[in-house]
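First residue of the sequence shown: 156, per our numbering; consecutive thereafter. Read the structure below first, then the notes.
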Amino acid sequence: MSFKEAKERLKGSIAPVVTPFNEDESLDLETFKSLIDWQIESGSHGISVTGTSGEPSSLTTDEREIVMETAMKAVAGRVPFVPGTGSTNHNETMRLTKAAQEMGADGAMVIVPYYNKPNQHALYKHFKTVADSVDIPIILYNIPGRTAVNLEVETIKRLAEDCPNIIGIKEANKDFEHVNRVLLKVGRDFNLYSGIELLCYPMLSIGGAGHISATSNVAPGPVAEIYNAWAEGDVKKAQDMHFEMMELNDILFKDTNPAVAKAALGMMGKIKPVLRKPMDIPSEALQKELREVLVNYGIELKDEVRN
156 MSFKEAKERL KGSIAPVVTP FNEDESLDLE TFKSLIDWQI ESGSHGISVT GTSGEPSSLT
216 TDEREIVMET AMKAVAGRVP FVPGTGSTNH NETMRLTKAA QEMGADGAMV IVPYYNKPNQ
276 HALYKHFKTV ADSVDIPIIL YNIPGRTAVN LEVETIKRLA EDCPNIIGIK EANKDFEHVN
336 RVLLKVGRDF NLYSGIELLC YPMLSIGGAG HISATSNVAP GPVAEIYNAW AEGDVKKAQD
396 MHFEMMELND ILFKDTNPAV AKAALGMMGK IKPVLRKPMD IPSEALQKEL REVLVNYGIE
456 LKDEVRN
């Protein structure tokens with residue numbers, strides 16, 4: 156498949172699935188496989204793992220590979236699979252991105268290294284070295300709120316020009332002017348994905364390729380339907396769903412992602428609501444508020460609030 160064909164295939168709602176843990180914080184791979192099945196059955200257009208929602212910094216490199224391989228087998232070619240392979244460590248990023256290619260992933264999503272705060276030239280060298288090491292599509296991941304550095308438009312443009320397999324970017328930058336300029340400068344055929352829940356619909360309106368939204372962990376069907384409505388030309392429905400989803404989007408980010416999403420999935424009986432330290436589930440007060448929101452959305456709940 157050419158990179159041009161990959162751009163067309165990798166569109167829609169790509170769900171960034173959480174990593175379930177057992178009570179002892181070990182990987183719960185059986186539950187993980189069931190989550191992936193549920194995502195696909197619910198209409199998600201693609202699957203991503205070990206991105207921000209997957210708590211990658213709490214996983215060892217070996218565990219990240221296990222999660223990726225488990226997801227790859229669970230997806231079984233039903234939808235595109237694009238794991239997150241980025242890290243604060245360059246060699247680890249190289250290893251995981253090559254592993255994604257070797258296992259047959261449809262692409263890899265590579266985050267701006269967090270904590271290190273590289274300058275733009277250093278970011279260019281990092282991403283170019285990673286992209287040059289594989290021949291699968293690469294989706295850059297810009298999330299300055301987590302990384303403390305923004306991947307600037309000119310750097311994105313340079314990378315896209317110099318690396319044919321860099322086909323798009325997940326933008327979790329709240330600056331809507333910035334994301335407009337990405338398409339202006341890099342080209343409107345560059346796949347722009349929203350990583351900000353309240354920008355999923357607005358990014359489609361300027362030519363975005365879809366979204367990689369943490370909310371799809373809890374409501375995969377409606378998140379995918381925003382894209383479907385837009386793609387089918389039903390602008391009014393897409394707009395209506397955008398506003399209908401705002402209350403759920405807001406509650407899921409009242410604590411650091413994926414804490415609230417995991418609490419919600421626990422209430423829904425989908426997972427054990429366990430995060431690895433230093434992360435933890437939200438306060439009891441926030442869980443109560445979350446439960447009320449989920450009920451308002453008609454989401455079936457099975458478990459009580461947990462302390």
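Glycine included, every Cβ here is placed at the ideal spot set by N, Cα and C.
Residue of the options minimising C-alpha distance to residue i
{"i": "Ala384", "options": "Gly323, Asp405, Gly167", "result": "Gly167"}
{"i": "Val234", "options": "Phe176, Lys253, Trp193", "result": "Trp193"}
{"i": "Ala419", "options": "Ile191, Glu399, Leu445", "result": "Leu445"}
{"i": "Ile191", "options": "Val230, Ser213, Ile169, Asn297", "result": "Val230"}
{"i": "Met396", "options": "Leu407, Met227, Gly376, Pro437", "result": "Gly376"}
{"i": "Ile324", "options": "Val267, Val373, Phe408, Glu352", "result": "Val267"}
{"i": "Glu352", "options": "Glu402, Asn335, Lys340", "result": "Glu402"}
{"i": "Thr248", "options": "Phe236, Lys228, Tyr296, Met227", "result": "Tyr296"}
{"i": "Val237", "options": "Asn244, Thr411, Met227", "result": "Met227"}
{"i": "Glu316", "options": "Asn451, Lys272, Ala303, Val337", "result": "Val337"}
{"i": "Ser368", "options": "Asp405, Glu178, Cys318", "result": "Asp405"}
{"i": "Tyr269", "options": "Ser189, Gly241, Ile436, Glu399", "result": "Gly241"}
{"i": "Lys329", "options": "Pro319, Cys318, Arg301", "result": "Arg301"}
{"i": "Asn451", "options": "Gln394, Thr243, Gly388, Glu399", "result": "Glu399"}
{"i": "Gly232", "options": "Asn246, Ile195, His245, Asn244", "result": "Ile195"}
{"i": "Asn271", "options": "Val285, His245, Ile294", "result": "His245"}
{"i": "Ile169", "options": "Asn372, Ala393, Glu439, Arg431", "result": "Asn372"}
{"i": "Ala303", "options": "Leu354, Leu449, Glu332, Thr243", "result": "Thr243"}
{"i": "Leu184", "options": "Val222, Ser438, Ile294, Thr216", "result": "Val222"}
{"i": "Ile294", "options": "His366, Lys188, Gln394, Leu354", "result": "His366"}
Contact belief for residue i with residue j at Cβ below 8 Å, rounded distance in angstroms
{"i": "Val415", "j": "Glu180", "result": "With a Cβ gap of about 19 Å, Val415 and Glu180 do not count as contacting."}
{"i": "Tyr382", "j": "His200", "result": "7 Å"}
{"i": "Thr186", "j": "Pro175", "result": "4 Å"}
{"i": "Val173", "j": "Pro413", "result": "5 Å"}
{"i": "Ser203", "j": "Met264", "result": "6 Å"}
{"i": "Tyr348", "j": "Ala364", "result": "6 Å"}
{"i": "Cys318", "j": "Asp287", "result": "7 Å"}
Residues that residue i bridges to, as DSSP identifies them
{"i": "Ser199", "result": "Looking at the DSSP assignment, Ser199 forms no beta bridge with any residue, so it has no partner."}
{"i": "Gly167", "result": "Gly365"}
{"i": "Leu182", "result": "Phe176"}
{"i": "Phe236", "result": "Ile202"}
{"i": "Gly323", "result": "Ile294, Asn346"}
{"i": "Ile266", "result": "Tyr296"}
Proximity below 8 Å, CB of residue i to CB of residue j
{"i": "Leu214", "j": "Thr225", "result": "no"}
{"i": "Pro292", "j": "Gly262", "result": "yes"}
{"i": "Glu516", "j": "Leu182", "result": "Because residue 516 is not part of the residues shown, which for the chain are 156 to 462, the question remains open."}
{"i": "Val289", "j": "Lys312", "result": "no"}
{"i": "Ala161", "j": "Ile321", "result": "no"}
{"i": "Glu447", "j": "Gly198", "result": "no"}
{"i": "Lys463", "j": "Leu314", "result": "Residue 463 lies beyond the residue range present for the chain, which begins at 156 and ends at 462; the question has no answer from this structure."}
{"i": "Ala327", "j": "Gly350", "result": "yes"}
{"i": "Pro273", "j": "Gly239", "result": "no"}
{"i": "Asn335", "j": "Leu165", "result": "no"}
{"i": "Leu339", "j": "Thr370", "result": "no"}
{"i": "Lys427", "j": "Glu178", "result": "yes"}
{"i": "Lys417", "j": "Ile436", "result": "yes"}
>> Does the stretch 446–456 come into contact with the stretch 419–435, if we say contact requires no fewer than three beta-carbon pairs (one atom in each stretch) closer than 8 Å?
In response: Contact between the stretch 446–456 and the stretch 419–435 is present: three or more C-beta pairs spanning the two stretches fall below 8 Å.
> Counting pairs of Cβ atoms below 8 Å between the stretch 358–374 and the stretch 303–310, do you hit three or more?
Replying inline: Put simply, the stretch 358–374 does not touch the stretch 303–310. Fewer than three CB pairs are less than 8 Å apart.
>> If contact is defined by three or more beta carbon pairs under 8 Å, each pair taking one atom from either stretch, is the stretch 272–284 in contact with the stretch 254–262?
In response: Under the three-pair Cβ rule at 8 Å, the stretch 254–262 does not count as touching the stretch 272–284.
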